[in-house]
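K.L.:
For the protein sequence lines, the chains are A and B, in the order given.
Position one of the first sequence corresponds to residue 1 (our numbering), numbered consecutively onward.
Position one of the second sequence corresponds to residue 1 (our numbering), numbered consecutively onward.
C-beta atoms are modelled at their ideal positions from N, C-alpha and C, and glycine is treated no differently.
Being a predicted model, the structure only gives us computed values, none of them experimental.
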Amino acid sequence: KNEVEQSPQNLTAQEGEFITINCSYSVGISALHWLQQHPGGGIVSLFMLSSGKKKHGRLIATINIQEKHSSLHITASHPRDSAVYICAVKFINGQNFVFGPGTRLSVLP
Amino acid sequence: GAGVSQSPRYKVAKRGQDVALRCDPISGHVSLFWYQQALGQGPEFLTYFQNEAQLDKSGLPSDRFFAERPEGSVSTLKIQRTQQEDSAVYLCASSLPRPGQGVLVTNEKLFFGSGTQLSVL
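Shown next as structure tokens:
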């Protein structure tokens, strides 16, 4: 079965902390997205990965294809990073994206 | 347009009423996805279009749900005889495949609309 899991489900951090959110999936994929969803529903695509590592500002995303695992890191976290972070994958045997349940991040000042 | 546009932003319907939700994808985008997101949960796949062809509708929860994209651009998700369990945010996303790699490619960047929040009373 094509499944996507994320951990932790909820995360509270103090401003400035280094944050890691994890995503694991069950079978081979062709692409993985990290998405950010703010209250009110708008979703923004942060990264699209098929291998290796990407960095954008304070955000870093890595993927290990062999281990079927990806991580999203936030350095020097800020209250404006508070949002739900969602991992979405396209499985090799599928055409659509399957979403993880999301990780709710709250960064306190 | 500049982004994916969905309308209405909010919709309140009485149980049993039919509703139609509209998605205007980014111009030229080939792939269009509809997702349903219940409160506190991740989006769940409903259906997928490649141009005007509905290639996957396996996520539609019942035959009360119907989606179309007749000219390969704007898409409409219709829900007939709405039920309270249909209350959710309905998200539309579109993507454009990388040129030269065909339509189903590995590195599609997804662009999301703001969603339509449907409340069935």
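DSSP three-state call for B/ARG22: helix, strand or coil?
P.N.:
Position 22 of the second sequence holds residue 22 of chain B. The answer is strand: DSSP assigns B/ARG22 an E or B state.
K.L.:
Express the C-alpha separation of B/PRO61 and A/VAL98 in angstroms, rounding to a whole number.
P.N.:
On the first sequence, residue 98 of chain A is found 98 positions in, with the first residue counted as 1. On the second sequence, residue 61 of chain B is found 61 positions in, with the first residue counted as 1. A/VAL98 and B/PRO61: Cα-Cα distance of roughly 16 angstroms.
K.L.:
Find the residues of chain B that neighbour A/GLY102, judging by a C-beta separation of less than 8 angstroms, and give them in chain order.
P.N.:
Indexing the first sequence from 1 puts residue 102 of chain A at position 102. Within chain B, the residues near A/GLY102 are GLN41, GLY42.
K.L.:
When the distance is taken between beta carbons, is A/GLN37 closer than 8 angstroms to A/ILE86?
P.N.:
Sequence index remark: in the first sequence, residue 86 of chain A carries index 86 (1-based). Sequence index remark: in the first sequence, residue 37 of chain A carries index 37 (1-based). Yes, Cβ-Cβ distance for A/ILE86 and A/GLN37 is below 8 angstroms.
K.L.:
Report the residue ranges of all beta strand (DSSP E) runs contained in full by the segment 4-72 of chain A; include only those spanning at least 3 residues, in chain order.
P.N.:
As far as the segment 4-72 of chain A is concerned, its whole beta strand (DSSP E) runs of at least 3 residues are 4-7, 10-14, 19-25, 29-37, 43-49, 52-56, 59-64.
K.L.:
Give the DSSP-derived three-state secondary structure of B/LYS11 in the structure shown.
P.N.:
The residue given as residue 11 of chain B occupies position 11 in the second sequence. Three-state DSSP puts B/LYS11 in a strand.
K.L.:
Could you tell me if B/VAL12 is buried or exposed, where buried requires 16 or more neighbouring beta carbons within 10 angstroms of its beta carbon?
P.N.:
The residue labelled residue 12 of chain B in the question sits at position 12 within the second sequence. With fewer than 16 Cβ atoms within 10 Å of its Cβ, B/VAL12 is classed as exposed.
K.L.:
Does the beta carbon of B/TYR48 sit closer than 8 angstroms to a beta carbon anywhere in chain A?
P.N.:
Taking the second sequence and counting its residues from 1, one reaches residue 48 of chain B at position 48. So, interface residue.
K.L.:
What do you get for B/ASP18, buried or exposed, if any count of 16 or more other CB atoms within 10 angstroms of its CB means buried?
P.N.:
As a first step, residue 18 of chain B must be located in the second sequence, where it is residue number 18. Exposed, since its Cβ has fewer than 16 Cβ neighbours within 10 Å.
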